[in-house]
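In our numbering, the protein residues as written are 1 to 322.
Beta carbons are placed, not taken as given, at the ideal position from N, Cα and C, and that holds for glycine.
Here is the structure we will look at, set down as structure tokens.
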């Protein structure tokens, strides 16, 4: 017994120092030694040590599994399990079965500790199985429960956690209310208090759901606005690209306007030759109008040239007439 007490003390120190691996290994060794001792007749000191080791075992498991996503064979061996369940809830049920095998009739304080572990790990279904299995072993008469066990206070704690936390977390609010209303062990005050806690949980659940829904609506609206802005930006970019392409593309002219400049000049000169000197003189006078000085007068040199051209034109006309 002293050896078991020493191992418990070492395991508890490891637990306080958050050395979970050493704490679990030492605690399992102490539990194995304790289970090897004769259980009959029951000894109060032995039962007390057994409960202390079991509670420490659950607390170590709670701290270890809170930082573990997937159980491993090494973890199962550390907690004295013969097999390694793949899922966390199955792993926790295996831990409970190991304790239940060594206890026979379970102390309600151990049930409370296990239910709190399942709530901490967000696996209320595992806690529900254990709570319902334990409650099913109790006698139906409330007075006999009180006389035989003397655990009324701890029993009420189990019912409270089961009805106000475990079942609501499993979305079983109606079942939770039914458990409270039909339990003859609970006093009227206890029933009112438990039903009030269930109502508070339901209101908080509705509030959290409404917050999640509003957050989802905000995220959806934000995503819709971002998509709309992205499409608008893409459309503007396409319009700009089309404008740039149209600006750099040469403008096509009708075939009637595609007469080369040289052809136009040749046609004009030929027309002047055909019309004779009169048309030529008209062109010359038009040029002179452009070559006038700033005051509208012809310069002396230009006037002399024009006189000679006029005489030449007259002589050509006379020759033509002769």
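Contact between the region 218-228 and the region 186-197 is absent: fewer than three C-beta pairs spanning the two stretches fall below 8 Å.
Scanning its chain for C-beta atoms nearer than 8 Å, with the 5 sequence neighbours on each side dropped, one finds around residue 55 the residues 109, 110 and 113, in chain order. By the CB criterion at 7 Å, residue 75 and residue 121 fall outside the cutoff.
Cβ contact annotation for residue 93 (same chain, cutoff 6 Å, sequence separation greater than five): 126, in chain order. By the neighbour-count definition (other C-beta atoms within 10 Å, threshold 16), residue 124 is a buried residue. Between residue 60 and residue 23, the gap from beta carbon to beta carbon is short of 7 Å. Residue 27: member of the alpha helix (DSSP H) spanning 20-36, first to last residue. Remark: C-beta atoms of residue 198 and residue 230 do not approach each other more closely than 7 Å. When DSSP assignments are scanned along the region 106-189, the uninterrupted stretches of alpha helix (DSSP H) that are 4 or more residues long and fall wholly within it turn out to be 108-120, 124-136, 142-149, 152-161 and 173-182.
Classified as exposed, residue 38 has fewer than 16 neighbouring CB atoms from the shown chains inside 10 Å of its CB. Counting the other Cβ atoms within 10 Å of the Cβ of residue 182 gives fewer than 16, which makes it exposed. Here residue 80 carries a coil assignment [DSSP, helix/strand/coil]. The criterion of a C-beta distance shorter than 7 Å is not satisfied by residue 186 and residue 175.
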